[in-house]
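Just so we're aligned, residue 74 is where the sequence shown starts under my numbering, counting upward by one.
Quick reminder that beta carbons are idealized off the backbone N, C-alpha and C, glycines included.
Because the structure is a prediction, the values reported are computed rather than measured.
Structure, as structure tokens:
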Amino acid sequence: MSTALNRRQVLCGLALGVVGGGALAACAPTRVGGAGSAKPGTVLAKVSDVPVGGGLLADAGTNGLILLTQPAAGQIRAFDPTCPHAGAKVGPPHGDVITCPAHGSQFDATTGALERGPAPRGLTTVPITVQGADVLLA
Numbered sequence: 074m075s076t077a078l079n080r081r082q083v084l085c086g087l088a089l090g091v092v093g094g095g096a097l098a099a100c101a102p103t104r105v106g107g108a109g110s111a112k113p114g115t116v117l118a119k120v121s122d123v124p125v126g127g128g129l130l131a132d133a134g135t136n137g138l139i140l141l142t143q144p145a146a147g148q149i150r151a152f153d154p155t156c157p158h159a160g161a162k163v164g165p166p167h168g169d170v171i172t173c174p175a176h177g178s179q180f181d182a183t184t185g186a187l188e189r190g191p192a193p194r195g196l197t198t199v200p201i202t203v204q205g206a207d208v209l210l211a
């Protein structure tokens, strides 16, 4: 078992000693896009929870989020919500467009394809399957 500390652990320890417990929020793991600790077969949401013409950010286990969209009834799509430009998290679409709040990149809510930069490419798709009323990680 290794006892070496990584950079984050050292900085968080220093921050705690200097400014107290309020600094701990910055040391907590951040929620990033993608499957996190979720395994194939994990239920991400109910189909009925994903609004038609909209979407939601689904919990994908430790540190994971997946953007589920439903562009038309019964068409569930899934994307890593991490913008490929600067790593900001995108939210659910408005109409047919997913917009990055950081720099305004826009993505197609059906395909994740880039519609307008500065992002260099579209959103990464996440494999899912729909079984009955559930959306599962594939």
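Sequence-distant residues of its chain with Cβ nearer than 8 Å to residue i (five each side left out)
i	result
Ala98	Any reading at Ala98 must be qualified, since the residue scores a pLDDT of 37, below 50, and its modelled position is unreliable; the value itself is stated next. Within the same chain, Ala98 has no close Cβ partners at all.
Ser121	Ala206
Simplified DSSP assignment, three categories, for residue i
i	result
Asp153	coil
Val120	helix
Pro145	In the sequence under discussion, the amino acid at residue 145 is Ala, which differs from the Pro named in the question. Residue state, collapsed to three classes: coil.
Val208	strand
Gly164	coil
Ala131	strand
Val170	strand
Thr184	coil
Arg189	strand
Inter-residue spacing [alpha-carbon to alpha-carbon] between residue i and residue j
i	j	result
Leu202	Leu209	For the sequence presented, residue 202 should be read as Thr rather than Leu. The alpha-carbon atoms of Thr202 and Leu209 are separated by roughly 5 Å.
Asp14	Ala145	Since the first residue shown for the chain is 74 and the last is 211, residue 14 is missing from the structure and cannot be characterised.
Ala175	Gly147	30 Å
Ala111	Gln143	21 Å
Gly164	Lys119	18 Å
Leu129	Val116	14 Å
His167	Gly126	7 Å
Leu141	Thr135	17 Å
Pro191	Ile171	14 Å
Contact set for residue i: own chain, Cβ-Cβ below 6 Å, skip 5 residues either direction
i	result
Arg189	Gln179
Cys173	Cys156, Ala161 and Val163
Cβ shell of residue i (< 7 Å), same chain only, five flanking positions each side left out
i	result
Arg194	Pro157 and Leu187
Ala159	Ala175 and His176
Ala211	Pro113, Pro200, Ile201 and Thr202
Gly95	Confidence at Gly95 is low in this model, with a pLDDT of 41, below 50, so the placement of that residue is unreliable and no value is reported for it.
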